[in-house]
Amino acid sequence: MGHQSLSTEAPDYVQQFKHNLSLASSSRSDKQRREALAYLTSQLSTQPPSNPVGTVALLKKLLPLISDSSTPVRSQLLKLLRVLPPDEVRHGTEHASMYIRAGMTHLSADISNDSLVAMEWLLEVAGSDLVNSPGGWVKTLSAFCAMMGWAVSSSSAGWTSAARMTTKPKDAQTLARQIAALSNFLQAGFEDESSVENGHVSMYWDSLYRIPRAPNAFGYLNLSSARRDEEREMYSSKEMRQQVFYEKFQQVICKGLDKAKNEGGATGRSASTLEHVLNDAMAHFEPSIAMDTRDLLDLW
Numbered sequence: 020m021g022h023q024s025l026s027t028e029a030p031d032y033v034q035q036f037k038h039n040l041s042l043a044s045s046s047r048s049d050k051q052r053r054e055a056l057a058y059l060t061s062q063l064s065t066q067p068p069s070n071p072v073g074t075v076a077l078l079k080k081l082l083p084l085i086s087d088s089s090t091p092v093r094s095q096l097l098k099l100l101r102v103l104p105p106d107e108v109r110h111g112t113e114h115a116s117m118y119i120r121a122g123m124t125h126l127s128a129d130i131s132n133d134s135l136v137a138m139e140w141l142l143e144v145a146g147s148d149l150v151n152s153p154g155g156w157v158k159t160l161s162a163f164c165a166m167m168g169w170a171v172s173s174s175s176a177g178w179t180s181a182a183r184m185t186t187k188p189k190d191a192q193t194l195a196r197q198i199a200a201l202s203n204f205l206q207a208g209f210e211d212e213s214s215v216e217n218g219h220v221s222m223y224w225d226s227l228y229r230i231p232r233a234p235n236a237f238g239y240l241n242l243s244s245a246r247r248d249e250e251r252e253m254y255s256s257k258e259m260r261q262q263v264f265y266e267k268f269q270q271v272i273c274k275g276l277d278k279a280k281n282e283g284g285a286t287g288r289s290a291s292t293l294e295h296v297l298n299d300a301m302a303h304f305e306p307s308i309a310m311d312t313r314d315l316l317d318l319w
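Residues 20 to 319 in our numbering are what the sequence shown spells out, letter by letter.
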């Protein structure tokens, strides 16, 4: 018989927090994972919040649960995400988006829908960071297209679509929500940077003349002669994101929107809203001008 240690003192709250974090991320019991997440949510909801491990470390441990097979576990995770401080979530945007995109393209419709809720949350708290992160633009657009049954093809047609039967009311509501989330994502990516610069004049001049502090600030020059990976690249300006969207996604999404508008109802309204966003964002875009810089860089 093994020896046991008994104590009349309650465990330290830091150890208790870490213990529940371990249970939430690794327990085989659905009930234990859900209860551990509920405990963590209660600790994060206090004033001031109790989080001895930090938001980024917490996200790294818990975000794989976005594809958990248990619906109550995923629901509790979404509640936990809502109580995290937005300013701290921004530092873990790239890592968070990786798991959320994987969940969005999951074969399970329930997991895909819950992952869409997580994406809506990420867009609320860190939309600008998401579109500027490595892979945050192209990979997220690809995930949206795959989730909605729109796929980018390498053929000259540039468009493939999964066969759809008559859309059920529940499916129509889901598609409407997906299109609305895509609309929010594109608005974040096509935000007018000049309005931000005018509101923060000192930040604008600093960005021009101060030494950049961002990691790999001159990565776009490809000085190391590494092979370019468009999917994982960081597109840090509106013009760069417009160019990639024009080349890879505009035709696909516009054709998908035409089909969605024909369905009418909530889906048609969401599609019309997204179409309006695209028309405004791409109205003054000149592909021939924006293409020159990227073509020269690809020759490097």
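Glycine is no exception: its CB is placed at the ideal position from the N, C-alpha and C atoms.
Remember, it's a predicted structure, so these values are computed and weren't measured experimentally.
Counting the other CB atoms within 10 Å of its CB gives Q261 a total of 16 or more, which places it among the buried residues.
W156 has its alpha-carbon roughly 8 Å from the corresponding atom of E250. Non-local C-beta neighbours of V33 in its own chain, meaning closer than 7 Å and more than five positions away in sequence, comprise P71, ordered along the chain.
By the C-beta density criterion, G284 is exposed, having fewer than 16 other C-beta atoms within 10 angstroms. Three or more Cβ pairs closer than 8 Å define a contact, and the segment 81-99 falls short of that threshold against the segment 150-164. A direct Cα-to-Cα measurement between S61 and P68 gives close to 9 Å. Of the candidates L59, A43, P105, the residue whose Cα lies closest to the Cα of G146 is P105. Of the residues L126, G111, S127, T124, the one whose Cα lies closest to the Cα of V144 is G111. In this structure A165 does not touch T193 by the C-beta definition: roughly 14 Å separates them, more than the 8 Å allowed. Relative to R196, the option among E210, M138, V150, P153 whose CA is nearest is M138. Between V296 and L205, the gap from beta carbon to beta carbon is short of 8 Å. S161 has its alpha-carbon roughly 23 Å from the corresponding atom of K79.
Scanning A121, T74, I198, K50 for the CA closest to the CA of T90 turns up K50. In the assembly as shown, Y228 is an exposed residue. Its beta-carbon has fewer than 16 other beta-carbons within 10 Å. H38: member of the alpha helix (DSSP H) spanning 32-45, first to last residue. Close CB contacts of V150 within its chain, under the 7 Å cut and outside five residues either way in sequence, are with W156, A207, G208, R260 (chain order). About 10 Å separates the Cβ atoms of K278 and G287, ruling out a contact at the 8 Å cut-off.
Of the candidates F268, S45, A115, F36, F36 places its Cα closest to the Cα of L63. Cβ-Cβ distances below 7 Å link S41 to nothing in the same chain once the five nearest sequence neighbours on each side are left out.
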